[in-house]
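Read through the structure below, which is laid out as structure tokens, and then see the notes.
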């Protein structure tokens, strides 16, 4: 015991120095936005690199599955091309969405980190600010919605997955266009709840649920899933609808990040209106 | 106790001068000398090293407060305060610290010159490395570091030649 005490006593000057330096660094990173961003960026960079290596190994063993998925996707893209008559431009393709007249750009990316069985799930993508990705962009999987980008570094980005109770998607019933909010409640990764559909709406099992274009994140009309069953919520008189999700998170690793070219204009207009309203 | 109080008043004076005067020099547009390093330079080598370490941190921190730089100056000044004796021994010889009443005023000009510039260069280098963080930015900042250190070192040498009486730490 005495030896340990002596050991520290001998190095007291050095320990004081380390303590003061650590405190100074803490102040530096806590107060300074620039330094904080560097710390955050580098930690995301390291985590991203580890995920990338892991996924590269995993990729090799799932090549067959990927090929099938790509073929499927190619088919659906070709279908889309016939309608829009748009020549292919890679890697970013501007599409005038032919059915609903919205303008979106799709940036292809790969999932290099994916959690499925947590209470809050996140994805990590291999594209970042250098590829034009920004926070609050939507992420599409080949067969549905993946989530929303929450933070971005130069080469990587983190997505709050649809399988995260904080993710709320504007969704509607395709048959009668009534809209509500699609939320995942943390149990089964194949089932989510569609809430806020009023009780006078007629619902059938198997009704198709798709995205509603009211938020600027996703294009409208993307297939989300089918109504599995429903019940009336006695508290607020709205339906609680269980939706069987089309997105298969366990089997996908290619995604498209959606950039809404008109988002800024739309938000500016909203801001301007709110400002005018608040003025006397 | 008395020497501690005089240390504190010297510290306050340096902090005041740095913040009110030397931060606004803008020599050649961007060079501001960091003369507060004088506190570490003239502190008596026989003085209490713990005092010096804490006071250096305090001085750096106060300047950080005024300049809103978090812990930038605190970190760099504490660093040079810690390595001060090692550098002094390296430049002036191992036995120099055993002499009573030794202070850097008694060094020959060449040794004093190298000690001051070594310390100032180290301090400025750490300061700018922390400020710019990334290597690519640091390359751009290199002339800045050099000119800043030269200017600061020059002012420190002027101070040392004007004040003949050793500062009692």
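Residue numbers (the numbering used here), protein chains in the order written: chain A, 58 to 337; chain B, 1178 to 1346.
Heads up, the beta-carbon is just placed ideally off N, CA and C, and yes, glycines get one too.
Since this is a predicted model, take the numbers as computed values, not measurements.
Distance between residue 106 of chain A and residue 1299 of chain B (C-alpha atoms, nearest Å): In the second chain, residue 1299 of chain B corresponds to position 122, counting from 1. In the first chain, residue 106 of chain A corresponds to position 49, counting from 1. Rounded to whole angstroms, residue 1299 of chain B to residue 106 of chain A spans 34 Å at the Cα level.
Backbone CA spacing between residue 371 of chain A and residue 225 of chain A [nearest angstrom]: With chain A running from 58 to 337 in the structure shown, residue 371 of chain A is simply not present.
Segments assigned alpha helix (DSSP H), at least 4 residues, entirely inside the region 60-104 of chain A: 69-88
C-beta contact flag for residue 72 of chain A and residue 1255 of chain B at 8 Å: Counted from its first residue, the first chain places residue 72 of chain A at position 15. Counted from its first residue, the second chain places residue 1255 of chain B at position 78. No, these two residues do not count as a Cβ contact at 8 Å.
Residue from A/256, A/310 and A/299 with nearest C-alpha to residue 264 of chain A: Here residue 264 of chain A refers to the residue found at position 207 of the first chain. Checking every option, the nearest Cα to that of residue 264 of chain A belongs to A/299.
Limits of the unbroken beta strand (DSSP E) element including residue 317 of chain A: Position 260 of the first chain, counted from the first residue, corresponds to residue 317 of chain A. 311-317 is the span of the beta strand (DSSP E), which, as asked, contains residue 317 of chain A.
Selection from B/1200, B/1202 and B/1185 that minimises the alpha carbon distance to residue 1216 of chain B: Within the second chain, the letter at position 39 stands for residue 1216 of chain B. Minimum Cα distance to residue 1216 of chain B is reached at B/1185.
Terminal residues of the beta strand (DSSP E) in which residue 228 of chain A lies: For the purposes of this step, residue 228 of chain A is identified with residue 171 of the first chain, where counting begins at 1. From DSSP, the beta strand (DSSP E) with residue 228 of chain A extends over 226-230.
Residue burial classification, residue 1297 of chain B (beta-carbon count within 10 angstroms, cutoff 16): As a working note, residue 1297 of chain B is residue 120 in the second chain. Classification for residue 1297 of chain B: buried.
Backbone CA spacing between residue 1264 of chain B and residue 1278 of chain B [nearest angstrom]: Translated into the one-based positions of the second chain, residue 1264 of chain B becomes position 87. Translated into the one-based positions of the second chain, residue 1278 of chain B becomes position 101. C-alpha separation (whole angstroms): 18 Å.
Within 8 Å, strictly: CB atoms of residue 1236 of chain B and residue 1304 of chain B: By one-based count along the second chain, residue 1236 of chain B stands at place 59. By one-based count along the second chain, residue 1304 of chain B stands at place 127. Cβ distance not < 8 Å, so residue 1236 of chain B and residue 1304 of chain B don't count as in contact.
Sufficient close CB pairs (3 or more, under 8 Å) joining the region 104-119 of chain A to the region 176-185 of chain A: yes
CB contact flag (residue 216 of chain A, residue 275 of chain A, <8 Å): In the first chain, the residue the question calls residue 216 of chain A occupies position 159. In the first chain, the residue the question calls residue 275 of chain A occupies position 218. Taking 8 Å as the cut-off, the beta carbon of residue 216 of chain A is found no closer than this to the beta carbon of residue 275 of chain A.
Contact check, residue 1194 of chain B vs residue 1212 of chain B, beta carbons under 8 Å: What you label residue 1194 of chain B is simply residue 17 of the second chain in a count that begins at 1. What you label residue 1212 of chain B is simply residue 35 of the second chain in a count that begins at 1. Their beta carbons are under 8 Å apart, which means residue 1194 of chain B touches residue 1212 of chain B by this criterion.
Whole-number beta carbon distance between residue 247 of chain A and residue 301 of chain A, since they are thought to touch under 8 Å: For the purposes of this step, residue 301 of chain A is taken as residue 244 along the first chain, with counting starting at 1. For the purposes of this step, residue 247 of chain A is taken as residue 190 along the first chain, with counting starting at 1. Contact flag correct, Cβ pair sits at about 6 Å.
Segments of 3+ residues assigned as beta strand (DSSP E) that fall wholly inside the region 240-274 of chain A: 248-255 and 265-268
Environment of residue 193 of chain A [buried if 16+ CB atoms lie within 10 Å]: The count along the first chain starts at 1 and reaches residue 193 of chain A at position 136. Result: exposed.
Within-8 Å CB hit, residue 1207 of chain B to chain A: For this step, residue 1207 of chain B is matched to residue 30 along the second chain. Not an interface residue.
Residue 177 of chain A Cβ short of 7 Å to the ligand NAD heavy atom set: By its list of ligands, the structure shown contains no ligand whatsoever, and the ligand NAD lies outside what it can speak to.
Residues within the region 62-86 of chain A neighbouring chain B, beta-carbon criterion of under 9 Å: So the close ones are 69, 70, 71, 73, 74, 77, 78, 80, 81, 82, 83, 84, 85 and 86.
Closest by C-alpha distance to residue 290 of chain A, when choosing among A/317, A/271 and A/256: For this step, residue 290 of chain A is matched to residue 233 along the first chain. For the residues A/317, A/271 and A/256, the minimum Cα distance to residue 290 of chain A belongs to A/256.
Candidates B/1324, B/1246 and B/1266, of which the one nearest residue 1205 of chain B by Cα: The count along the second chain starts at 1 and reaches residue 1205 of chain B at position 28. The shortest C-alpha separation from residue 1205 of chain B is found at B/1324.
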